[in-house]
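This report refers to the structure that appears directly beneath it.
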Amino acid sequence: MNILVINAGSSSLKYQLLDPENGVLLAKGLCERIGIDGKFTYKAEGKNTLDAVDVAMPTHSEAIQAVLNALTDKENGVVSSMAEIDAVGHRVVHGGEKFASSVVITDEVMAAIEECNPLAPLHNPANIIGIRACQSLMPATPMVAVFDTAFHQTMPPAAYMYALPYAYYENDKVRRYGFHGTSHKYVAGRAAAMLGRPIEELKLISCHLGNGSSITAVSGGKSVDTSMGFTPLAGVPMGTRSGDLDAGILQYLMNKYQMGIDEMLNVLNKKSGVEGLSCVSSDFRDLESAAGKGDAKAALAQEKFAYEVRKYVGAYAAAMGGVDAVIFTAGVGENDKAIRSMVCRGLEYMGLKLDAGANDVRGKETVISTADSKVKVLLIPTNEELMIAMDTAALVK
Ligand code: ADP
C-alpha cells in the first residue's frame with residue numbers, strides 16, 4: 000500500500016511516499032518558497048535527485064502537482080500512475096477537543112478543522128490549504144487528517160486544566176493541548192515492541208528533544224500528561240523558546256521596555272531558550288563545541304536544558320506512580336549523547352542507570368541503560384511520517 004504523506008506549511012510543503020506495511024520509503028522531498036519563486040526537491044533510491052530546482056509554484060496546487068509529476072515521472076518516478084497512490088495522510092497541527100484520533104477527511108471534518116484555526120492560526124490554515132489543493136488534484140483518493148494534538152486528548156482534567164477562572168476553559172477553550180503527539184505515539188509503540196511487552200502494561204516517559212521539545216507521560220499506551228500546553232511555547236526550554244516561566248516577568252519587562260505583547264511573545268518564541276541563554280546558538284552541536292572551548296554560557300544552556308528535562312522525568316514518574324522506560328527521540332535526543340547523559344545524571348535513585356558505552360551511539364533504535372537498570376533507557380529515532388502513513392492505511396483499509 001502506497002501512502003503519500005503531506006505536511007503543508009504556509010510557504011513550504013514536505014512530502015513522503017511510503018508503504019506502512021513494510022516501512023519502505025519510496026520517495027521524499029520538499030516544496031519551498033511557494034507563492035514566491037518555487038524550489039522543488041525530490042529524492043528516491045536509485046533515481047536522479049532534484050535539489051531545490053526552480054519550479055513555478057504560485058500556490059500549493061502547483062506544488063502538489065510538482066510532487067505528483069515527480070512521483071509518476073517515467074524515468075525518475077517511483078509509481079507508474081496516480082492510481083498507485085492508495086491514500087494521502089495530512090499532518091494537521093491542531094485538532095482541539097474535537098479530534099482524539101486520526102480521521103478520514105469529509106466536508107464535516109474540514110469544517111471542524113477550520114473551527115480549530117483560532118487555536119493554531121499560523122499552522123492550521125496552511126494545513127487546510129494543503130488538503131484542499133490535494134483534494135482538487137486527487138478527487139478519487141481517500142485522505143486522512145492526523146493531528147499533533149490528538150494523542151494527548153486522553154489526558155485527565157487535572158493534567159490539562161490551568162488554574163485559571165473556569166470560564167476561560169468553557170468559553171474560550173483555554174487548556175493544555177500538547178503537541179508532537181504523532182512522534183510520542185510512534186516511539187511509545189516502538190518502545191513496547193523493543194521491550195517485548197504489551198503497551199497496556201507500560202509506564203513510559205517520552206522525551207522528544209529537537210528544535211522544539213516536549214516530554215510526555217504515556218501510561219498504558221495513553222498520554223496522561225505532556226509538557227507543551229495551550230501552545231508549543233510551554234514546558235522545557237527549547238532551541239529559541241523559553242519554555243515555562245513566571246507570567247509576572249512579562250508585565251515587568253513590558254512595562255520596563257515599553258514592549259507590546261507581540262514583541263514580548265517574539266522574544267519568548269524566537270530569542271529565548273538555549274539560544275537566548277547561551278548567546279551562541281539554538282543548535283546543540285554549536286553549544287557542545289562552544290562549551291568544549293570553555294564558553295560558560297553555552298555550558299549553562301546545556302545544563303539548564305538537561306536539568307528541566309530531568310525534572311519532567313521525575314514529575315512524570317510521580318504522576319504515573321512509576322516508570323518502566325525513558326525514551327529519547329528527535330534531533331537532540333537521537334544524536335546528543337552528552338545531553339542524554341546529563342538528563343539521566345542523578346536518576347540512579349529511581350533505578351535508572353545509563354550505560355556510558357551503550358550511550359555512545361547516534362540515530363539507532365537501541366537500549367542505552369545497563370542490564371541491571373530497573374528503568375530502561377531507550378533511544379528511538381522518531382518517524383512521524385511513518386506514523387501518519389500507518390494511521391492513514393488503518394483508516395482507509
Ligand atoms: P525540529 O523540531 O525542527 O523537527 P529536529 O528534531 O530535527 O528539530 O532537531 C533539530 C535539532 O537537533 C538541531 O537544532 C540540533 O540542535 C539538534 N541536532 C541535530 N544533530 C545533532 C547532533 N549530531 N548533535 C547534537 N545535536 C544535534
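Numbering (numbering that gives the first Met the number 0), first residue to last: 0 to 396.
For every residue, glycine included, the Cβ atom is placed at its ideal position computed from N, Cα and C.
The structure displayed is predicted, hence computed values, not measured ones.
With a cut-off of 6 Å, the C-beta of Phe304 is classified as distant from ligand 1, since no heavy atom of the ligand falls inside that distance.
With a 10 Å radius around the Cβ and a threshold of 16 neighbouring Cβ atoms, Ser281 comes out buried. The alpha helix (DSSP H) runs lying completely inside the stretch 86-131 and spanning 4 residues or more are 106-114, given in chain order. Near ligand 1, meaning a beta-carbon closer than 7 Å to one of its heavy atoms, we find Gly209, Asn210, Gly211, Gly238, Ser281, Asp282, Phe283, Arg284, Glu287, Ala329, Gly330, Val331, Asn334, Asp335, Arg361.
Straight-line measurement puts the Cα of Leu385 at about 22 Å from the Cα of Val108. The count of Cβ pairs closer than 8 Å, one atom from the stretch 56-69 and one from the stretch 31-41, reaches three, so the stretches are in contact.
Relative to the Cα of Phe327, the nearest Cα in the group Val360, Tyr14, Met349 belongs to Val360. Between Leu249 and Asn268, the alpha-carbon positions lie close to 13 Å from each other.
Comparing alpha-carbon positions, the option among Gln134, Leu208, Met160 lying closest to Arg240 turns out to be Leu208. Less than 7 Å separates the beta-carbon of Gly180 from that of Asp147. Counted as a single uninterrupted DSSP element, the alpha helix (DSSP H) harbouring Asp261 occupies residues 260-269.
Contact between Ala132 and Ser101 is ruled out by a C-beta separation of about 20 Å, above the 8 Å threshold.
In the structure shown, Leu346 adopts helical secondary structure according to DSSP, grouped into three states. Going by C-alpha positions, Asp371 is about 16 Å away from Thr365.
Annotated three-state conformation of Leu208 is strand, per DSSP. Just so you know, the alpha carbons of Ile214 and Ala111 end up roughly 28 Å apart. The beta carbons of Ala216 and Ile204 sit about 6 Å from each other, so the pair counts as a contact at 8 Å. Close CB contacts of Ile104 within its chain, under the 6 Å cut and outside five residues either way in sequence, are with Met142, Ala144 (chain order). Within its own chain, the residues whose Cβ lies closer than 6 Å to the Cβ of Ser218, once the five positions on either side in sequence are excluded, are Lys202, Met319, listed in chain order.
Going by C-alpha positions, Gly211 is about 17 Å away from Val312.
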